[in-house]
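Worksheet for the structure shown next.
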Amino acid sequence: MSNNSVPESLRINPKRLKSDFEALAKIGSTGDGGVHRPALSPAHLAARDWLRERIAAAGLEWRQDGAGNLSAFLPCGPENGKTLLLGSHLDSVPYGGRFDGALGVLAALETLRVVQEAGPSLPFNLEAIDFTDEEGTLVGLLGSRTLAGKLDPGELQNPRGGRQALLEGLERAGLTEAGLLQARRNPETLAGYLELHIEQGPRLAQAGAEIGIVSAITGIVSYRLAFIGRADHAGTTPMADRLDAAQGASAFTLAARRSVMHDFPGCVANVGDMQFSPGAFNIVPARVDLSLEFRAPKVETLERLEISLLSQAQEIALENRLELGVEALGRHAPAPMSTGAQKAIAQACDRLGLKSMTLHSGAGHDAQSLADLYPAGMIFIPSTGGASHSPREFSAWHDCLNGANTLLQATLLMEG
Ligand SMILES: [Zn+2]
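Adding 103 to a residue's 1-based position in the sequence shown gives its number in the working numbering.
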């Protein structure tokens with residue numbers, strides 16, 4: 104191809120992508136359509152060995168940084184120019200699906216191969232990257248946060264997967280804690296980040312859309328709330344005299360759902376755990392500790408939701424003559440995707456004749472680590488039945504192809 108022709112007609116090679124997809128799905132296969140490839144487990148490292156071979160077989164240069172992030176590099180832009188990252192992750196949740204992450208990494212590699220073969224010169228170089236531990240088996244968004252320079256070294260002392268599991272994983276992969284902290288990349292060298300991913304929800308299918316253009320990755324806030332009353336004999340204490348912590352926790356759980364459904368469209372709240380103390384058939388519960396997590400796509404909405412839920416908890420505690428304990432546990436701000444990337448994805452859909460819709464991601468992704476540093480964008484394809492993090496996770500092959508072609512075309516449309 105000559106450099107001045109518009110590469111609108113470029114398409115990914117469907118056979119090559121499919122054969123890669125099927126080969127990768129066998130690594131860590133659970134035999135029921137799913138895969139078990141937790142970050143830095145033997146199966147995950149085997150998948151990385153396989154990817155390294157595929158990169159080399161394509162005649163591309165492979166690179167690995169101190170966080171284990173594995174990349175293919177294609178110098179298709181100006182020498183010493185910026186690099187556009189395309190990627191996702193090869194790790195899975197325990198007993199997860201074969202599409203989550205894997206499709207995005209393979210579509211990124213395929214995009215590099217097509218550009219390499221066709222030879223257009225782009226305003227940037229291309230890198231297909233497989234980020235370490237997107238799923239948070241060990242730390243959570245480990246690879247993308249180290250690349251962004253956002254990993255707090257203190258977190259490695261008490262990571263969510265446990266310190267021992269982290270150290271074992273690093274050792275298995277030939278990585279070190281010191282190396283992790285050195286994997287930061289200067290944002291000035293990067294032109295942006297694009298990722299293809301399955302939606303992991305039902306909204307695209309419900310709307311009859313073929314491609315989702317992600318407007319933002321949801322913000323997530325978590326709290327532990329304690330409703331505190333008084334233990335009493337469950338047989339002899341009259342109902343009206345009880346300070347029953349279970350009543351407060353239950354009323355709050357129902358109120359949170361009602362409030363989100365009525366007043367906060369597009370948001371979600373979850374009471375995922377409750378612990379009763381003392382916890383017996385014949386004792387009025389003195390205390391209930393519950394875990395509350397809620398998500399919203401915009402900072403302003405997230406703040407309103409937070410105020411609303413906490414004030415409802417307070418009111419319900421008062422009504423039930425209980426005390427309320429409030430402990431803030433975690434906070435991830437919503438990450439808006441860049442308007443430039445959204446525009447490139449929308450134009451790619453136009454070129455391909457695909458019906459798109461704009462939506463926010465209710466799940467976390469590596470793009471949220473990078474979005475405040477350079478333009479980041481995400482492309483979703485429909486998930487059958489909305490299932491994910493399960494062997495039932497499935498996307499039709501034509502949707503996978505549509506997504507990969509959208510990634511390719513959006514890459515060609517991104518501004519340098
Ligand atoms: Zn994923």
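Note that beta-carbon positions come from the ideal geometry of N, C-alpha and C, so glycine has one too.
None of these values were measured; they are calculated from a predicted model.
Does DSSP put Met104 in a helix, in a strand, or in coil?
Here the model assigns Met104 a pLDDT of 46, short of 50, so the residue's position is not dependable, and the following value carries that caveat. Coil.
Residues around ligand 1, please: the condition is that the C-beta lies closer than 5 angstroms to some non-hydrogen atom of it.
Those satisfying the condition are, in chain order, Asp203, Gly204.
Short Cβ contact (9 angstroms threshold) for Leu283 with Thr249
Yes.
Around the C-beta of Asn172, are 16 or more other C-beta atoms found within 10 angstroms, so that it is buried, or is it exposed?
Label assigned to Asn172: buried.
Give the single residue among Ser362, Asn423, Ala175, Thr321 whose Cα lies nearest to the Cα of Leu346.
Scanning Ser362, Asn423, Ala175, Thr321 for the CA closest to the CA of Leu346 turns up Asn423.
Give the C-beta separation of Leu412 and Leu395 to the nearest angstrom, bearing in mind that I take them to be a contact with Cβ-Cβ under 8 angstroms.
Yes, Leu412 and Leu395 are in contact; Cβ-Cβ is about 7 angstroms, under 8 angstroms.
Report yes or no: do three or more beta-carbon pairs, one from the segment 270-290 and one from the segment 319-336, lie closer than 8 angstroms?
Taking 8 angstroms as the limit for Cβ pairs, the verdict is that the segment 319-336 does not touch the segment 270-290.
State the Cα-Cα distance for the pair Leu516 and Arg287, rounded to the nearest angstrom.
Rounded to the nearest angstrom, the two C-alpha atoms are 27 angstroms apart.
Please name the residue in Phe176, Leu209, Pro178 whose C-alpha comes closest to that of Asp123.
The residue with the shortest Cα to Cα distance from Asp123 is Leu209.
May I have the straight-line CA-CA distance separating Asn106 from Leu225, to the nearest angstrom?
Any reading at Asn106 must be qualified, since the residue scores a pLDDT of 44, below 50, and its modelled position is unreliable; the value itself is stated next. A direct Cα-to-Cα measurement between Asn106 and Leu225 gives close to 9 angstroms.
Output yes or no for whether 9 angstroms exceeds the beta carbon distance between Asp194 and Pro145.
Remark: C-beta atoms of Asp194 and Pro145 do not approach each other more closely than 9 angstroms.
Taking the C-alpha atoms as reference points, what is the distance between Pro437 and Met377?
Cα to Cα, the separation comes out at about 27 angstroms.
So, under 8 angstroms CB-CB, Met440 and Ala420 are touching, yes? Tell me the CB distance rounded to an integer number of Å.
So it is not a contact: roughly 39 angstroms between Cβ atoms.
Helix, strand or coil: how does DSSP classify Phe379 here?
The answer is strand: DSSP assigns Phe379 an E or B state.
For Ser459 versus Ala312, is the C-beta distance shorter than 9 angstroms?
At the C-beta level, Ser459 and Ala312 come within 9 angstroms of one another.
For Leu515, does the three-state DSSP call read helix, strand or coil?
Helix.
Can you round the beta-carbon distance between Arg216 and Ala161 to whole angstroms, since I take them to be within the 8 angstroms contact cut?
Right, the Cβ-Cβ distance comes to about 5 angstroms (below 8 angstroms), so this counts as a contact.
Does DSSP put Arg119 in a helix, a strand or coil?
Helix at Arg119.
Assuming Lys253 and Ser472 are in contact, meaning their beta carbons sit under 8 angstroms apart, how far apart are those beta carbons, in whole angstroms?
Indeed, because the Cβ distance is near 6 angstroms, the residues count as touching under 8 angstroms.
Note down the Cα distance separating Phe202 from Ser493, rounded to an integer number of angstroms.
Taking the straight line from one Cα to the other gives about 10 angstroms.
Which residue wins for smallest C-alpha separation from Gly375, given the options Ala128, Phe355, Gly382?
Of the candidates Ala128, Phe355, Gly382, the one whose C-alpha sits nearest the C-alpha of Gly375 is Phe355.
Figure out for me which residue from Asn373, Tyr477, Ser491, Leu393 has the closest Cα to the Cα of Phe379.
That would be Leu393, whose Cα lies nearest to the Cα of Phe379.
Any contact of the segment 503-513 with the segment 113-121, i.e. 3+ C-beta pairs under 8 angstroms?
Counting Cβ pairs under 8 angstroms, three or more are found: they touch.
Specify, as a first and last residue, the run of the beta strand (DSSP E) that Val324 falls within.
Annotation: the continuous beta strand (DSSP E) that includes Val324 extends over 322-331.
Out of Thr487, Lys118, Arg407, which one is the CA nearest neighbour of Ala308?
Put simply, of Thr487, Lys118, Arg407 the residue whose alpha carbon is nearest the alpha carbon of Ala308 is Thr487.
Sufficient close CB pairs (3 or more, under 8 angstroms) joining the segment 299-307 to the segment 441-453
Output reads no: the segment 441-453 does not touch the segment 299-307.
Looking at the structure shown, is Phe176 part of a helix, part of a strand, or coil, going by DSSP?
Phe176: strand per DSSP, three-state reduction.
Per the DSSP calculation, Glu280 is bridged to which residue(s)?
For Glu280, which the question treats as bridged, DSSP gives no partner whatsoever.
Taking the alpha-carbon positions, what's the Ile370 to Ala490 distance?
Note that residue 370 is Cys in the sequence shown, not Ile. Approximately 19 angstroms between the Cα atoms of the pair.
Can you name the start and end residues of the alpha helix (DSSP H) that Gln309 belongs to?
Counting along the chain, the alpha helix (DSSP H) containing Gln309 begins and ends at 306-310.
Jot down the residue ranges of each uninterrupted alpha helix (DSSP H) in the segment 241-304, minimum 4 residues, whole runs only, in chain order.
Runs of the alpha helix (DSSP H) inside the segment 241-304: 245-250, 266-276, 280-284.
Opposing strand residues paired with Gly480 [DSSP bridges]:
Leu297.
With DSSP as the reference, label Ile419 as helix, strand or coil.
In the displayed model, Ile419 falls within a helix according to three-state DSSP.
Count the other CB atoms, across all protein chains shown, that sit within 10 Å of the CB of Ile158; report buried if there are 16 or more and exposed otherwise.
So Ile158 counts as buried.
Reducing DSSP to helix, strand and coil, say where Asn505 ends up.
Here Asn505 carries a helix assignment [DSSP, helix/strand/coil].
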